[in-house]
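Q: Following my numbering, the numbering of the sequence shown begins with 95 at its first residue and continues without gaps. We put the beta carbon where it would ideally sit given N, CA and C, even for glycine.
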Amino acid sequence: MAEWRDLFAEAAPHVQVHDWNDPALVADCIDFALVWEPEAGRLARLPRLKAVLSSAAGVDHILADPFLPAGLPVVRMVTAETQTRMAEFCTMAALMLQKDMPRAIAQQRERRWQEFSPATTASGTTVGILGLGSLGANVAKMLQAVGFNVLGWSRSRKRIDGVESLAGPDELPSLLKRSQILICLLPDTPDTKGLLDARLFGQLPPGAHLVNAGRGAQLCAADLLAALDSGQLGSALLDVTDPEPLPADSPLWRHPRIVVSPHTAASASRRAKARQAAFSMGQWQRGEPLSNIYQSDRRY
């Protein structure tokens with residue numbers, strides 16, 4: 095807690111910071127709550143609460159509270175640092191898969207030396223991004239910078255220099271059939287649950303690669319394993335799983351064509367989170383619209 099107080103002292107010296115678990119906390123003096131997985135009903139017991147700030151980009155952990163006050167603004171944690179970290183992670187992942195590093199990792203586990211060469215360079219590889227919001231746009235720009243050809247798909251068409259933007263259900267097949275590497279950055283909505291399944295994998299070029307840094311519930315693990323074993327997919331890098339943590343007996347751990355990372359793609363530092371929370375509180379105090387607010391009609 096001392097660290098949070100110090101960080102808010104840097105970002106917003108006028109803000110009084112209280113420990114969520116302090117038994118002496120006076121509920122009616124709290125204007126904003128910065129939380130992760132708050133217990134059900136706790137936010138409803140803060141009568142002066144103006145907005146709840148998620149400590150991560152996702153807000154499912156807040157919306158799961160059946161007692162969440164209706165109309166209470168919920169703000170996603172999207173920082174410049176988050177965008178940079180996600181762009182770096184996805185660029186690393188694309189290069190790893192393009193260079194066939196899962197094969198090298200598998201050979202290392204077996205203590206087997208067998209030379210191989212990637213089939214293409216970055217400039218000869220097309221990456222398709224599912225989700226071209228603030229995170230996806232930054233990912234696209236960094237991928238371009240290292241030479242990849244980049245396409246993107248989202249609900250509505252975007253304008254990003256050098257990136258072909260496709261939009262809506264009718265244009266998704268066009269992106270899939272051209273994506274040698276597919277990166278999923280989509281939010282968790284009813285429409286995206288189970289999206290990464292056998293039907294979608296079948297529309298990718300044979301031997302295509304998958305990066306999932308969106309949500310674990312979007313992936314059908316059994317279909318991924320089948321696609322890898324059949325050769326329809328070449329490899330996959332998973333930063334999110336369902337459930338998390340990934341159980342020790344999950345076959346995703348053991349498959350030689352899968353690399354698993356523990357949901358680390360875009361975890362911002364506490365300093366960045368404190369600055370962003372201070373920015374959101376400042377917006378509210380100035381009467382400005384809150385940035386990165388959860389929109390119930392879009393489910394993100």
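Pull up the distance between the alpha-carbon of D113 and that of T178, whole angstroms please.
A: Between D113 and T178, the C-alpha separation is close to 29 Å.
Q: L143: which of A187, A127, A150 sits nearest, CA to CA?
A: Closest by alpha carbon: A127.
Q: Using three-state DSSP, classify N232 as helix, strand or coil.
A: In the structure shown, N232 sits in a helix (DSSP, three-state: H, G or I).
Q: As a quick exercise: from S248, Q202, V221, W130, pick the residue whose alpha carbon is nearest that of K271.
A: The residue with the shortest Cα to Cα distance from K271 is V221.
Q: Who are the near neighbours of M180 in its chain, counting only those whose CB is closer than 8 Å to its CB and skipping five residues on each side?
A: Closer than 8 Å at the Cβ level, and outside the excluded window around M180, lie L229, N232, V233, L279, A307, A359, A360.
Q: By the 10 Å Cβ neighbour count, where 16 or more other Cβ atoms means buried, how is H303 classified, buried or exposed?
A: Buried, since its Cβ has 16 or more Cβ neighbours within 10 Å.
Q: By how many angstroms is the C-alpha of M195 removed from the C-alpha of R136?
A: Cα-Cα distance, rounded: 46 Å.
Q: Quick check on the DSSP output: the beta strand (DSSP E) that includes L327 runs from which residue to which?
A: Residues 327–332.
Q: Determine, using beta-carbon pairs with one atom in the stretch 311–330 and one in the stretch 282–294, whether at least three such pairs fall under 8 Å.
A: Segments in contact, yes.
Q: Considering only DSSP beta bridges, list what G246 is partnered with.
A: Partner(s): I223, S259.
Q: In its own chain, which residues sit with a C-beta less than 6 Å from the C-beta of G328, not counting the 5 before and 5 after it?
A: Counting only Cβ-Cβ distances below 6 Å, and skipping sequence neighbours, we find G301, H303.
Q: At the level of alpha carbons, what is the spacing between L260 and L276?
A: Approximately 14 Å between the Cα atoms of the pair.
Q: Just confirm the distance between the C-beta atoms of D282 and D122, as a whole number of angstroms; I'd bet it's less than 8 Å.
A: In fact, because the Cβ distance is near 33 Å, the residues do not count as touching under 8 Å.
Q: Considering only C-alpha positions, which residue in the set W378, G218, V305 is nearest to M190?
A: The residue with the shortest Cα to Cα distance from M190 is V305.
Q: Only counting runs of 3 or more residues, tell me where the beta strand (DSSP E) segments fall wholly within the stretch 103–142, in order along the chain.
A: Runs found: 126–129.
Q: Throw me the rounded Cβ distance for the W378 and A145 pair, which I believe falls under 8 Å.
A: W378 to A145, Cβ: 6 Å. Contact.
Q: Can you list, in chain order, the residues of its chain whose CB lies under 8 Å from that of H349, leaving out five sequence neighbours each side?
A: Answer for H349: L319, L322, listed in chain order.
Q: Do you know offhand how far E175's Cα is from E97's?
A: Approximately 19 Å, taken between the alpha carbons.
Q: For K287, which residues of its own chain have a beta-carbon under 7 Å away from its beta-carbon, when the five flanking residues on both sides are left out?
A: Same-chain partners within the cutoff: A311, Q312.
Q: Does the stretch 209–227 touch the stretch 236–247, meaning 3 or more C-beta pairs lie closer than 8 Å?
A: Because the criterion of three Cβ pairs below 8 Å is met, the stretch 236–247 and the stretch 209–227 touch.
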